Amino acid sequence: MLESIEKLRKAFDEALAKVSDNDELEKLRVAFLGKKGAVTDSMKELKNMDNEARKEFGKEINVLKDNIDSAIRSFADKMMNAQIEKQIEQARKFDFTVPSSQPEGSLHPITLVQRRIEEIFKSMGFIIEDGIEIQTEYNNFEAVNIPKNHPARDMQDTYYLSNGQLLKTHTSAAQNYIMRKYGAPKKGEPPLKVLFPGRCFRNENIDACHENTFWQMEGMMIGEDISISNLIYFMKVLLSEVFERDVKVRLRPGFFPFVEPGFELDINCLICGGEGCPTCKNSGWLELLPCGMIHPNVLKMGGIDHDKYTGFAFGLGLTRLAMMKYEITDIRVLNSGNLKALKQFVS
Ligand code: PHE
């Protein structure tokens, strides 16, 4: 019986000597150690042996199995090391001083406006936070005062994952986390000011002004006497710095369960000058900056004393802003990867 083990060992050694790549190594592993492999087959013989033979054969076949396993592993390591050496060798030959024949890349229009707004807000004392894209229902809805079965959920239908989490529908999903992270300002400290940009997702029918993937930039300021005047001041600074020209705006009441009172700040469509076009759904106006005073329930859920503190929040449509700033008529261009279109924007 032990001879058969020796035969297997020899057969393996010979086969290993011929292996030249990972696929062949894997085939060899399966041929010997796989479910129907030669070693596994031999092990099935054990049950037909008497006690003495089983003990001896069992020991030897296990040794062979371990040997084959470690021989395969070290062979794989050797192959990997050889490959790395080869890559290092090639990298050494690479001359970094030769001018590239590749065309130079450029920043995406959304990145350009995002950076510009971050700069403006940083100079006014805002902290920049990064929101995650996969969120719990609680953070995305409940924590911003949108309980289960609230009709506001209809407008933000999104993509649910099999574990019950979802792709966030708005940057407001990070409000609760940020409130808990920083808390309300202590006595004598300046108000809490945070800006949190992020990619959002909704189940939309795609057309010139709707996408299922878009960017928002949310801002929040919380302190002892924050009022609507603070909100309007920051919105004005934002728009005049971004557009570097006068834009006509209008403020109208807007409903969002997480603000009270809530507003919609619209800008005059810069593509048609207010006459009406597909980008502004022929209304001449574009909803750009929904905002309002943070609802006391939301402060409370964020662990902030709503009797003592107030705050404002705004949810700037970054994608729309980029479209207005660069006069991009179709939102679909932005996610298209069309370099010819996207390379035109420089600052
Ligand atoms: N989260 C809201 C939306 O995406 C926008 C918003 C943010 C409104 C903050 C008010 C205050 O529709």
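Take the sequence shown: its letter number 44 is residue 1456 in our numbering, and every next letter is one higher.
Heads up, the beta-carbon is just placed ideally off N, CA and C, and yes, glycines get one too.
Fair warning: this is a prediction, and the values are worked out from it, not measured in the lab.
Hey, would you say the C-beta of residue i is under 8 Å away from at least one heavy atom of the ligand PHE?
i	result
K1548	Here residue 1548 is Thr; the residue named in the question, Lys, does not match the sequence. Result no, Cβ not under 8 Å from the ligand PHE.
V1671	yes
T1581	yes
P1702	yes
E1438	no
C1621	no
F1533	no
G1517	no
M1726	It is worth fixing the name first, because residue 1726 is Phe in this sequence and not Met. It does: the Cβ of F1726 is within 8 Å (strictly closer) of some heavy atom of the ligand PHE.
G1674	yes
E1630	yes
F1553	no
S1639	no
F1668	yes
C1612	yes
Q1568	yes
Using C-beta distances below 7 Å, list every residue in its chain close to residue i, excluding the 5 sequence neighbours before and after it, in chain order.
i	result
R1528	V1654
H1582	Q1568, C1612, Q1628 and G1727
G1714	Q1587, N1588, M1591 and R1592
P1597	P1603, L1604 and G1635
A1450	L1420, A1443 and F1444
I1618	N1624 and R1744
L1458	R1466, F1469 and G1470
R1614	Q1568, D1569, T1570, T1581 and N1624
Measure the CB-CB distance between residue i and residue j and report whether it falls below 9 Å.
i	j	result
V1710	N1557	yes
V1606	L1733	no
F1444	I1417	no
M1455	K1477	yes
R1664	F1675	yes
D1678	R1662	yes
N1552	S1584	yes
T1625	C1689	no
I1539	Y1594	yes
S1518	K1752	no
N1642	F1508	no
A1564	P1669	yes
C1692	C1681	yes
L1650	L1698	no
Leaving out the 5 sequence neighbours to the left and right, which residues in its chain are closer than 8 Å to residue i when beta-carbon positions are compared?
i	result
K1622	Looking at the sequence itself, residue 1622 is His, so the reference to Lys does not match. Cβ within range, chain order: E1616 and I1743.
Q1577	I1546, Q1547, T1548 and E1549
F1487	L1428, V1431 and L1437
P1708	E1672 and H1718
N1434	A1488 and M1491
G1537	P1602 and K1605
Given that a residue counts as buried once 16 or more other Cβ atoms are within 10 Å of its Cβ, and exposed if not, what is residue i?
i	result
N1588	buried
V1671	buried
I1706	buried
Q1628	buried
M1736	buried
L1746	buried
L1414	exposed
M1492	exposed
K1580	buried
G1729	buried
R1657	exposed
P1511	exposed
R1441	buried
I1522	buried
Apart from the five residues on each side of it in sequence, which residues of its chain come closer than 6 Å, Cβ to Cβ, to residue i?
i	result
A1494	none
F1378	Lying before the first or after the last residue shown, residue 1378 is absent from the chain, which here runs from 1413 to 1759.
Check whether the Cβ of residue i lies closer than 8 Å to any heavy atom of the ligand NAP, and answer yes or no.
i	result
S1584	For the ligand NAP, the structure offers nothing, since it holds only the ligand PHE.
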